[in-house]
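> Once you've had a glance at the structure underneath, I'll fire off some questions.
In the numbering used here, the protein residues as written are 189 to 498.
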């Protein structure tokens, strides 16, 4: 995902590596949900364990799984995380489940190997990051426009790899895909989403991350690509000032029938200040929060208070 040239790798992956993809009417009250959320987070945790792709993994079906989808979701990225302090009735988790590198028609899947501790009954969603390697790019590098885009032959394999990996993970009603998309890569990613839709059970939802610009003017997604589109409003890049000004008066809209959710970072107080001034956190049914450092209760309390106690 890229806002004015800033990729999701720049936006999220850089932050991950350093730590380790119309404004609403003014509201001056604190909802009971968020007031309670800030002060009622601690529950006993349970360590998940399992195997994926032959590697000792840390996943097994969560005990007392619930179909309830909380309005606040934390991203647990590519590092050890202990989220046993959260209340699963109020907070969900979207966790890094694997990285898929693509160069031409070749692909490489790297599953999660870091520990993840979650409370029993939490609503969890696996997130798969897809990175295209262009030119002399190495794994972990960002896409560049100086070489051929990925080939469509890789799309089918990627979709099947994701579905295969999901079978070894805790049961979930959703899979989330995180990716960058240069203009010439967009047909490739739409093909992945189409093939993934064909491979998944009809009740499984597809969630994707998206640049803010994709929901303001550069709208290229189509109906059916995803059930949820998350506006990634952090590490925006060179066009940050313009994007933040536009969201003060223009509603984020993917131009599709997908649900739109908001993605913010716990590490960008200035960006969040602009977003919260426009009451963006109150315009969506769900807010996702990224943290470039390991989560703990104090950090979660701080961002929850910043976002919702207004």
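We put the CB at the ideal spot given by N, CA and C, even for glycine. These numbers come from a predicted model, not from an experiment.
Would you grab the beta carbon distance between residue 417 and residue 404 for me? Rounded to a whole angstrom, and I think it's under 8 Å.
As a working note, residue 417 is residue 229 in the chain shown. As a working note, residue 404 is residue 216 in the chain shown. Actually they do not touch by this definition, with Cβ atoms about 12 Å apart.
> For the beta strand (DSSP E) that contains residue 314, what are its first and last residues?
By 1-based counting over the chain shown, the position of residue 314 is 126. 312 to 320 is the span of the beta strand (DSSP E), which, as asked, contains residue 314.
> So, does the segment 433 to 442 touch the segment 479 to 486, judging by three or more C-beta pairs under 8 Å?
Taking 8 Å as the limit for Cβ pairs, the verdict is that the segment 479 to 486 does not touch the segment 433 to 442.
> Report yes or no: is there a C-beta of chain B within less than 8 Å of the C-beta of residue 410?
In the structure shown, chain B does not exist; there is a single protein chain.
> Where in the segment 434 to 496 do unbroken runs of the alpha helix (DSSP H), each at least 4 residues long, occur, reported from the N-terminal end onward?
Entirely contained in the segment 434 to 496, the alpha helix (DSSP H) runs reaching 4 residues are, in chain order, 457 to 465 and 485 to 496.
> Mind the definition here: the segment 352 to 369 touches the segment 311 to 319 only if three or more C-beta pairs lie below 8 Å; say whether that holds.
In short, these stretches touch, since the Cβ pair count reaches three.
> Below 8 Å on the Cβ atoms is my guess for residue 306 versus residue 272; work out the distance and round it to an integer in Å.
In the chain shown, residue 306 corresponds to position 118, counting from 1. In the chain shown, residue 272 corresponds to position 84, counting from 1. Contact flag correct, Cβ pair sits at about 7 Å.
> Once the 5 residues before and after residue 340 are set aside, which same chain residues still bring their CB inside 7 Å of it?
As a working mapping, residue 340 is identified with position 152 in the chain shown. If we look at residue 340 and ignore the five residues flanking it on each side, its Cβ neighbours are 376 and 379.
> Measure the C-alpha to C-alpha separation of residue 286 and residue 388 and round it to an integer number of angstroms.
Residue mapping note: residue 286 aligns to position 98 of the chain shown, counting from 1. Residue mapping note: residue 388 aligns to position 200 of the chain shown, counting from 1. One C-alpha to the other measures close to 17 Å.
> From this set, 385, 308 and 359, which residue's C-alpha is nearest residue 343's C-alpha?
Walking along the chain shown from the start, residue 343 turns up at place 155. Here the closest residue by C-alpha is 385.
> Return helix, strand or coil for residue 242, following the three-state DSSP convention.
As a working note, residue 242 is residue 54 in the chain shown. With a pLDDT of only 36 at residue 242, under the threshold of 50, the placement of this residue in the model should not be trusted; the figure read from the coordinates follows. Coil at residue 242, not helix or strand.
> With DSSP collapsed to three states, give me the class of residue 376.
For the purposes of this step, residue 376 is taken as residue 188 along the chain shown, with counting starting at 1. Correct three-state label for residue 376: helix.
> Less than 8 Å separating the beta-carbons of residue 466 and residue 440?
Within the chain shown, the letter at position 278 stands for residue 466. Within the chain shown, the letter at position 252 stands for residue 440. Contact flag unset, no.
> Is the beta carbon of residue 495 sitting closer than 8 Å to the one on residue 460?
Mapped onto the chain shown, residue 495 falls at position 307. Mapped onto the chain shown, residue 460 falls at position 272. Closer than 8 Å, so yes.
> Taking the alpha-carbon positions, what's the residue 479 to residue 407 distance?
In the chain shown, the residue the question calls residue 479 occupies position 291. In the chain shown, the residue the question calls residue 407 occupies position 219. Taking the straight line joining both Cα atoms gives about 27 Å.
> Would you mind working out which of 338, 395, 392 and 358 sits nearest residue 374, comparing C-alpha positions?
Here residue 374 is taken as the residue at index 186 of the chain shown, counted from 1. Nearest of 338, 395, 392 and 358 to residue 374, Cα basis: 338.
> How would you write the range of the beta strand (DSSP E) that residue 305 sits in, first residue to last?
Taking the chain shown and counting its residues from 1, one reaches residue 305 at position 117. Start and end: 304 to 307.
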